[in-house]
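S.K.: Positions in the sequence shown are counted from 1; adding 829 to them yields our numbering.
Beta carbons: idealized from backbone N, C-alpha and C, even for Gly.
Have a look at this one.
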Amino acid sequence: MRLTRRAALAAGLATLAAPSLRAQGRRLDILSHRVHQGVLTGGAAGDLTEAWRRANGAEIAWTTADIGPLQDRLLREASLPSTDFGVGYLLNSRATADTARLLEPLDPLMAAEPVANFEDIAPGLRDAMRLGGATVAIPVRQGCNGLFYNAAMLEERGVAPPRSFEEFLEACRRLTYRPSGGAPVVGLVMTAALAAYPVMFARAFGGDFITADFRVIPDAAAMTKAIAAIRGLFEAGALPRSYATTTNEDQVTWLQQGRAAFAILPFARHAQLNRADGSRFPGRIMVTEMPVSASAPAGTQMASVVEFWSMCIPRNARDKRLAWSFIREMSSPAVTLGSARNGNGPVRVSTYSDPAFVADNPNAATEAAALSRARIPFPAFPEASRAEAIFVEEVQAAVLGRKAPEAAVTDTIARVRPLLPA
């Protein structure tokens, strides 16, 4: 077979055209944790990205990493002249004013192509992603904390689920005992390593650690009561002697094994805590909201501590319209419900009223109420880690009897205030 000049020229043009034709296929690069990819691409609801990919003629390239490396990579990529990543996942604790300057302000995109029923996303989450007057990320996955308790133990000791913070403290004391022939039980297992737990106690009295406008301990009396309450539980033996070294996973284990009656954990832990292959009390570990104190100001409602992830667009991304199209679709009510069925913590309050979701989630109404009022433990800022470490140190010192709760509050304010943004 002879190769004519015309045939050779046609073959050459086809070869040159091939990369061009391939380039017409769109690709969205996403930087996330593998869990984020998993809840959108597999599970009971299937691959929730498929319809978007077909409609946009685009493929998704997922790059996943653990939390620390993921956040560092996102900020590093966003600091370059340009980045291949169109979408990144941002943890609320990294959403500082400096980070916001590296991200695309989403309000103009939202004005042109809104997220469906955006107000349905819990307000505490939406507010935390509004920095410098602009929305910089859309919440998509949350872990809201509730008060878990062992119903079997409460029934055995004749204790009703607490309706006030004072009843909760009394229940912790009454459920500190040694069963006949069994290991000692403490009323409450709680880690001392995180600010979230004393923050929950402070909010029960109408107080807080750091407000959204960066006031540290705005109500010293409320925080003093909170720390004194934790100290009282420790002195009564209602917290483990190992309180200072207890971890988050220890809380799960102690509750599953019946070594503690109460624990403060994300609502999403309910299924794990009640698994027949891991718990001595399958089906008997319940969850409710942390109650508020009878001495709190009138109208005080518990603002449970919540941590969450959001989707953002680096300011230097190449195809922001494609990225925004993806975020809009993945934030829609339908995909939020689907990802919840795939194991995600839904950020929309309405998801908890879907009949199918409620059927599989006995705590849906309780979590919906908690989520609707939930707030992050404290706002993100450059010295937030140091501020939390100081707060944790002062609380521990007071709980262990090394200083008075009043002194811990005073010293926290004095040490943290210089770290806050001007």
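Can you tell which of E1064, A1021 and F1063 has its C-alpha closest to the C-alpha of V1219?
M.R.: Per the sequence presented here, residue 1219 reads as Ile, with Val not at that position. Selected option, being the one with the closest Cα: A1021.
S.K.: Which class does L1166 belong to by DSSP, given the choice of helix, strand or coil?
M.R.: The answer is helix: DSSP assigns L1166 an H, G or I state.
S.K.: Kindly indicate the opening and closing residues of the alpha helix (DSSP H) around R971.
M.R.: In the sequence on display, residue 971 carries Gln and not Arg. Counting along the chain, Q971 falls outside any alpha helix (DSSP H), though it belongs to the beta strand (DSSP E) covering I967 to N979.
S.K.: Just mark D936 as buried or exposed, buried being the case when its beta carbon has 16 or more other beta carbons within 10 Å.
M.R.: So D936 counts as exposed.
S.K.: In whole angstroms, what is the alpha-carbon distance linking E942 and P1208?
M.R.: Straight-line Cα distance between these residues: approximately 29 Å.
S.K.: Would you kindly report the start and end of the unbroken alpha helix (DSSP H) that includes S1139?
M.R.: Run containing S1139: none in the alpha helix (DSSP H); it sits in the beta strand (DSSP E), V1135 to C1141.
S.K.: Going by the DSSP bridge assignment, what does F1091 pair with across the sheet?
M.R.: BP columns for F1091 point to Y978 and L1017.
S.K.: Would you list the one or two residues that DSSP bridges to M1114?
M.R.: A quick correction: the sequence has Ile, not Met, at residue 1114. BP columns for I1114 point to N979.
S.K.: Per DSSP, V1045 forms a beta bridge with which residues?
M.R.: V1045 is bridged to I1039.
S.K.: Compare the Cα-Cα distances from A981 to each of F1110, D1148 and T1075 and report the closest residue.
M.R.: The shortest C-alpha separation from A981 is found at F1110.
S.K.: Tell me which residue opens and which closes the alpha helix (DSSP H) that F997 is part of.
M.R.: Here the alpha helix (DSSP H) through F997 covers F994 to R1003.
S.K.: Apply the 10 Å Cβ neighbour rule to S1168 and answer buried if 16 or more other Cβ atoms are within range, or exposed otherwise.
M.R.: It counts as buried.
S.K.: Between N946, V1014, P952 and L909, which has its C-alpha nearest L932's C-alpha?
M.R.: Looking at the Cα atoms, L909 is the closest of the given residues.
S.K.: With 16 other CB atoms within 10 Å as the buried threshold, where does P1143 fall?
M.R.: Buried, since its Cβ has 16 or more Cβ neighbours within 10 Å.
S.K.: Under 8 Å: do the region 894–911 and the region 1188–1196 share three or more Cβ pairs, one atom per stretch?
M.R.: Counting Cβ pairs under 8 Å, fewer than three are found: no touch.
S.K.: Output the distance between the C-alpha atoms of P1047 and M1029, rounded to the nearest integer angstrom.
M.R.: If I take the Cα positions, the gap works out to 15 Å.
S.K.: For D1042, does the count of other Cβ atoms within 10 angstroms reach 16, so buried, or fall short, so exposed?
M.R.: Exposed, by the Cβ-count rule.
S.K.: Can you tell me whether P1008 is buried or exposed, with buried defined as 16 or more other CB within 10 angstroms of its CB?
M.R.: P1008 is exposed by the Cβ-count criterion.
S.K.: With a threshold of 8 Å, are at least 3 pairs of Cβ atoms found where one atom belongs to the region 987–1001 and the other to the region 1139–1157?
M.R.: As far as the Cβ criterion goes, the region 987–1001 does not touch the region 1139–1157, which means the pair count is below three.
S.K.: Please check the pair N979 and I1114, which I expect to be a contact at CB under 8 Å, by giving their CB distance rounded to whole angstroms.
M.R.: Contact holds; Cβ gap of about 6 Å.
S.K.: Which same chain residues, not among the five before or five after I950, have their C-beta less than 7 Å away from its C-beta?
M.R.: Correct list, in chain order: P968, V1176 and R1177.
S.K.: Helix or strand or just coil, what does DSSP make of V1245?
M.R.: Helix at V1245.
S.K.: Taking DSSP as the reference, what is the three-state secondary structure of D858?
M.R.: In the structure shown, D858 sits in a strand (DSSP, three-state: E or B).
S.K.: Taking 7 Å as the limit between beta carbons, can you name the residues of its chain near S1160, skipping five residues before and five after?
M.R.: Excluding residues within five positions, the ones whose Cβ falls inside 7 Å are V944, I967 and V969.
S.K.: Our contact map puts M1131 next to R1032 with C-beta atoms below 8 Å; I'd like the distance itself, whole angstroms only.
M.R.: That belief holds up - the Cβ atoms of M1131 and R1032 are roughly 6 Å apart, short of 8 Å.
S.K.: Given that a residue counts as buried once 16 or more other Cβ atoms are within 10 Å of its Cβ, and exposed if not, what is P1027?
M.R.: Buried, because 16 or more other Cβ atoms sit within 10 Å of the Cβ of P1027.
S.K.: Answer with yes or no whether the minimum CB distance from S1009 to chain B is below 8 Å.
M.R.: Looking for chain B here will not work: only one protein chain is present.
S.K.: Over the uninterrupted alpha helix (DSSP H) stretch that includes S1030, give me the two end residues.
M.R.: Reading the sequence as shown, one finds Phe at residue 1030 and not Ser. Its alpha helix (DSSP H) spans residues A1025 to A1033.
S.K.: Please state the DSSP three-state secondary structure of L909.
M.R.: Residue state, collapsed to three classes: coil.
S.K.: Assuming A1089 contacts L1017 (C-beta within less than 8 Å), just tell me the rounded distance between them.
M.R.: Sure, about 6 Å apart at Cβ, within 8 Å.
S.K.: Are the beta-carbon atoms of P1095 and P991 separated by less than 8 Å?
M.R.: Going by C-beta atoms, P1095 is not nearer than 8 Å to P991.
S.K.: Taking the beta strand (DSSP E) that F914 belongs to, which residues open and close that run?
M.R.: It spans F914 to L920 - the beta strand (DSSP E) in which F914 sits, taken as one unbroken run.
S.K.: Could you name the residues of the same chain whose beta carbon sits closer than 6 Å to that of N1339, not counting the 5 residues immediately before and after it, in chain order?
M.R.: Lying before the first or after the last residue shown, residue 1339 is absent from the chain, which here runs from 830 to 1251.
S.K.: Could you name the residues of the same chain whose beta carbon sits closer than 7 Å to that of P1126, not counting the 5 residues immediately before and after it, in chain order?
M.R.: Counting only Cβ-Cβ distances below 7 Å, and skipping sequence neighbours, we find G1035.
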